[in-house]
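Protein chains in written order, with the working numbering: chain W, 304 to 550; chain D, 5 to 302. Backbone N, C-alpha and C fix where the C-beta goes; we use that ideal spot for every residue, glycine too. Worksheet: one structure, shown below.
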Amino acid sequence: MTDDKIAVPSGGSPRAPTPGSLTRWDTAYHKWKLLSPRFRAAAAGAFVSTVVLVSFSVAKAGIAPRIVSTMAVLASLVTILGLFDVKIREFPSLSRRAAGGLIYLILVMNVLAGTGWGISSYHQAHRAVDVLAMITISRNIDLRPDGAPATLDAPITAQRDDIVLVFQAVDHNPEGGICTPFAEFLVTRRLSGNATAPVAAAPGRPVRVDLPRGGTNVHLEIALKDARQLRNCGVDLRVTSVKLANR
Amino acid sequence: MRRVPTKTTLAVVGLLAFLNGCGSSSAGDPSIFDGPGPVVVGVANDAPGFSVGDHNPAGFDIDLMNAIGRGLHKPVTTHLIASKDRDPALKNNQVTIVVDQYSITLARNAAGIDFAGPYMVSTQALLLRRDDRRITTKGDAKGKSVCAEEDTTGASAHLPGALFTKLPTLKECVDALLRKNADAVLTDTLLLYGYVATDPERLKVVLPGDVGQTQYYGIGLLGGHRQDCRKLNQIIRDYLRTQWRRDFQDTLPVAVKAFPGSDPGDGDFESEFKPLDTDMTRLSCKLAKPVTEQPPLS
Numbered sequence: 304m305t306d307d308k309i310a311v312p313s314g315g316s317p318r319a320p321t322p323g324s325l326t327r328w329d330t331a332y333h334k335w336k337l338l339s340p341r342f343r344a345a346a347a348g349a350f351v352s353t354v355v356l357v358s359f360s361v362a363k364a365g366i367a368p369r370i371v372s373t374m375a376v377l378a379s380l381v382t383i384l385g386l387f388d389v390k391i392r393e394f395p396s397l398s399r400r401a402a403g404g405l406i407y408l409i410l411v412m413n414v415l416a417g418t419g420w421g422i423s424s425y426h427q428a429h430r431a432v433d434v435l436a437m438i439t440i441s442r443n444i445d446l447r448p449d450g451a452p453a454t455l456d457a458p459i460t461a462q463r464d465d466i467v468l469v470f471q472a473v474d475h476n477p478e479g480g481i482c483t484p485f486a487e488f489l490v491t492r493r494l495s496g497n498a499t500a501p502v503a504a505a506p507g508r509p510v511r512v513d514l515p516r517g518g519t520n521v522h523l524e525i526a527l528k529d530a531r532q533l534r535n536c537g538v539d540l541r542v543t544s545v546k547l548a549n550r
Numbered sequence: 005m006r007r008v009p010t011k012t013t014l015a016v017v018g019l020l021a022f023l024n025g026c027g028s029s030s031a032g033d034p035s036i037f038d039g040p041g042p043v044v045v046g047v048a049n050d051a052p053g054f055s056v057g058d059h060n061p062a063g064f065d066i067d068l069m070n071a072i073g074r075g076l077h078k079p080v081t082t083h084l085i086a087s088k089d090r091d092p093a094l095k096n097n098q099v100t101i102v103v104d105q106y107s108i109t110l111a112r113n114a115a116g117i118d119f120a121g122p123y124m125v126s127t128q129a130l131l132l133r134r135d136d137r138r139i140t141t142k143g144d145a146k147g148k149s150v151c152a153e154e155d156t157t158g159a160s161a162h163l164p165g166a167l168f169t170k171l172p173t174l175k176e177c178v179d180a181l182l183r184k185n186a187d188a189v190l191t192d193t194l195l196l197y198g199y200v201a202t203d204p205e206r207l208k209v210v211l212p213g214d215v216g217q218t219q220y221y222g223i224g225l226l227g228g229h230r231q232d233c234r235k236l237n238q239i240i241r242d243y244l245r246t247q248w249r250r251d252f253q254d255t256l257p258v259a260v261k262a263f264p265g266s267d268p269g270d271g272d273f274e275s276e277f278k279p280l281d282t283d284m285t286r287l288s289c290k291l292a293k294p295v296t297e298q299p300p301l302s
């Protein structure tokens with residue numbers, strides 16, 4: 304068995320030393336012990352943080368973070384080889400100074416990646432999710448204060464606190480009178496036959512309705528609020544925005 | 005010692021004058037009330053209670069018109085127009101403003117007509133011959149001949165199953181009803197009360213508020229004159245506070261009788277027909293610029 308074979312790690316960790324390679328391993332260990340404690344901590348930290356990030360990226364993230372993480376692992380391995388002054392025939396040798404620089408670079412990159420990942424994950428978990436294109440609405444034309452309410456169904460594609468909607472009111476018969484300046488809607492969420500307290504919604508302004516935990520769909524009833532000015536009024540209800548959002 | 009203006013001072017003064025000029029031209033609109041002659045007001049001559057008579061018409065609209073003249077410190081003169089001619093009369097500058105039971109609608113806004121007010125709120129109803137008892141509910145209108153005036157909100161009302169006839173003037177509709185060529189006339193409740201006042205033995209109003217929509221009468225003017233519109237609003241506010249109730253009692257006694265509630269907050273005519281200040285905020289002076297192209301109406 305040659306020295307090179309002992310030095311090239313396969314599968315991420317070097318093989319256990321064999322009697323023929325004890326001298327090389329002793330030398331490597333000796334070199335490692337000669338490093339300052341701060342430098343050793345940095346090297347170990349860089350490697351561990353890289354492994355942690357890679358594990359997360361494999362488990363959760365897409366292809367781009369995986370490629371970046373794999374490159375970071377390779378950089379870490381190259382650094383380790385340089386650190387222990389291991390010579391590989393196919394690769395140029397890495398000076399101790401360059402290895403040290405690379406370690407700190409990897410540490411900084413890992414901190415940045417970890418922070419960015421955290422911020423991104425928080426943003427992903429809290430950002431408003433637009434589901435306007437996925438809603439189903441019915442009975443929304445010629446809505447009347449004393450008539451049946453319109454219904455709106457929206458999928459809950461992400462777990463959020465509320466569904467935030469913006470409505471628009473349009474006079475159904477604009478030549479017959481004017482209704483929309485007085486129009487206000489009452490939004491009620493129905494779940495298994497039970498209705499929540501209605502929430503008032505002025506056209507053009509966002510209204511929040513709380514979402515059930517663990518649901519996959521939300522069913523809303525939207526009624527035209529009864530008012531003196533809206534006697535016999537017909538209003539067409541339009542929905543201009545539907546988002547799932549946290550408070 | 006007399007100070008001689010420097011070049012810098014002159015430049016600053018010139019710039020300020022220029023900016024001031026820009027400001028006044030962008031703020032607007034030359035006033036429609038600035039001309040040397042009287043303010044020409046488009047009014048009806050066939051709306052009992054509001055404006056009736058070919059010479060020296062009288063009624064609620066005429067009282068309001070006179071209040072506007074006083075508020076503007078300008079003489080006013082009437083110009084008789086049919087309902088269908090209200091928009092064209094404004095656009096062709098035949099009249100300065102229109103005070104003619106002119107309902108505020110978004111369709112009229114879209115056509116370039118702005119409104120000050122409202123100064124009156126009215127539901128819609130049916131006018132029947134006094135001895136006709138066939139229509140007591142909205143559903144009874146099915147199969148009946150209902151007349152409405154062309155180019156008015158009444159003509160656009162939905163009354164399921166009714167057979168609509170549209171005539172050029174409201175008076176022609178009432179004449180058709182009395183001649184039994186129509187079973188009912190559909191228009192604003194207050195206008196119908198005005199007709200009942202002229203012929204109480206033969207006419208009656210039914211289903212007020214059950215048919216058509218609530219109407220808000222505004223003072224029509226061409227869009228793009230917001231300052232003038234706001235000036236009219238202030239005059240209307242003063243009028244509502246000081247004169248509206250008395251003029252209503254004088255000119256629309258049948259409506260007063262029909263709503264005998266004890267006070268303005270409890271079913272009397274004022275609670276039914278007098279606009280709220282919020283109505284004015286929501287409905288008036290919407291057109292900051294003139295509408296040059298008429299968008300298609302749905």
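- Beta-bridge annotation (DSSP): glutamate 274 (chain D) is not paired with any residue.
- Near chain D, meaning a CB-to-CB distance below 8 Å, the residues of the stretch 462 to 487 of chain W are Asp474, Asn476, Pro477, Glu478, Gly479, Gly480, Ile481, Cys482, Thr483, Pro484 and Phe485.
- Arginine 138 (chain D) is classed as exposed because its beta carbon has fewer than 16 other beta carbons within 10 Å across all chains shown.
- Against chain D, the beta carbon of asparagine 535 (chain W) has neighbours under 9 Å at Thr127, Gln128, Ala161, His162, Gly213, Asp214, Val215, Gly216, Gln217 and Thr218, listed in chain order.
- For a cut-off of 8 Å, the C-beta gap from threonine 483 (chain W) to alanine 472 (chain W) is around 4 Å, short enough to register as a contact.
- Under the three-pair Cβ rule at 8 Å, the stretch 88 to 99 of chain D does not count as touching the stretch 69 to 79 of chain D.
- Pairing proline 501 (chain W) with leucine 489 (chain W) gives a Cβ-Cβ distance under 8 Å.
- Shown here, valine 473 (chain W) sits in a strand according to DSSP, grouped into three states.
- DSSP places glutamate 153 (chain D) in the uninterrupted beta strand (DSSP E) bounded by 149 to 153.
- Straight-line spacing of the CA atoms in valine 414 (chain W) and tyrosine 407 (chain W) works out to 11 Å.
- With fewer than 16 neighbouring CB atoms inside 10 Å of its own CB, lysine 261 (chain D) falls in the exposed class.
- Counting only Cβ-Cβ distances below 7 Å, leucine 287 (chain D) has contacts in chain W at Ile481 and Pro484, in chain order.
- Within chain D, the residues Thr218 have their CB atoms less than 7 Å from the CB of glutamine 532 (chain W), given in chain order.
- Counting only runs that start and end inside the stretch 200 to 274 of chain D, the alpha helix (DSSP H) elements of at least 4 residues fall at 230 to 246, 248 to 255 and 257 to 262.
- At a Cβ-Cβ threshold of 8 Å, arginine 234 (chain D) and cysteine 289 (chain D) count as neighbours.
- When the alpha-carbon of aspartate 272 (chain D) is set against those of D:Asp281, D:Met284, D:Arg249 and D:Leu291, the nearest one is in D:Arg249.
- Fewer than three Cβ pairs drawn from the stretch 222 to 241 of chain D and the stretch 146 to 159 of chain D lie within less than 8 Å of each other, which leaves the two stretches out of contact.
- In the DSSP assignment, alanine 526 (chain W) falls within the unbroken beta strand (DSSP E) covering 520 to 527.
- Only exposed fits histidine 426 (chain W), as fewer than 16 other CB atoms lie within 10 angstroms of its CB.
- Alanine 486 (chain W) is not bridged by DSSP to any residue.
- DSSP, reduced to helix, strand and coil, places valine 295 (chain D) outside both helices and strands of the structure shown, so it counts as coil.
- For leucine 110 (chain D), the closest Cβ of chain W is nearer than 8 Å.
- Residues of the stretch 132 to 152 of chain D with a C-beta less than 7 Å from any C-beta of chain W: none at all.
- Not flagged as an interface residue toward chain W: threonine 193 (chain D), since no C-beta distance is shorter than 8 Å.
- In the DSSP annotation of this structure, the continuous segment of the beta strand (DSSP E) that includes glycine 46 (chain D) starts and ends at 43 to 47.
- About 6 Å separates the CB atoms of valine 357 (chain W) and valine 376 (chain W); that is less than 8 Å, so the two are in contact.
- Among the bridge pairs identified by DSSP, arginine 492 (chain W) is matched with W:Leu523.
- Taking the beta carbon of threonine 157 (chain D) as reference, the chain W residues within 8 Å of it are Glu478, Gly479 and Gly480, listed in sequence order.
- Contact check between the stretch 214 to 225 of chain D and the stretch 110 to 122 of chain D: three or more CB pairs, one atom from each, fall below 8 Å, which counts as touching.
- The shortest CA-to-CA distance from asparagine 60 (chain D) to any of D:Gly41, D:His83 and D:Val43 is the one to D:His83.
- Beyond the five residues adjoining it in sequence on each side, valine 56 (chain D) comes within less than 6 Å, by CB distance, of Gly63 in the same chain, given in chain order.
- Contact between the stretch 191 to 203 of chain D and the stretch 455 to 466 of chain W is not established, with fewer than three Cβ pairs separated by less than 8 Å.
- DSSP places arginine 463 (chain W) outside both helix and strand once states are collapsed to three, so it counts as coil.
- If you compare the alpha carbons of W:Thr543, W:Gly479, W:Glu487 and W:Gly403 with that of tryptophan 335 (chain W), the shortest gap goes to W:Gly403.
- Interface flag for serine 87 (chain D) against chain W is unset, since no Cβ pair is found closer than 8 Å.
- Scanning its chain for C-beta atoms nearer than 7 Å, with the 5 sequence neighbours on each side dropped, one finds around glutamine 532 (chain W) the residues Phe485, in chain order.
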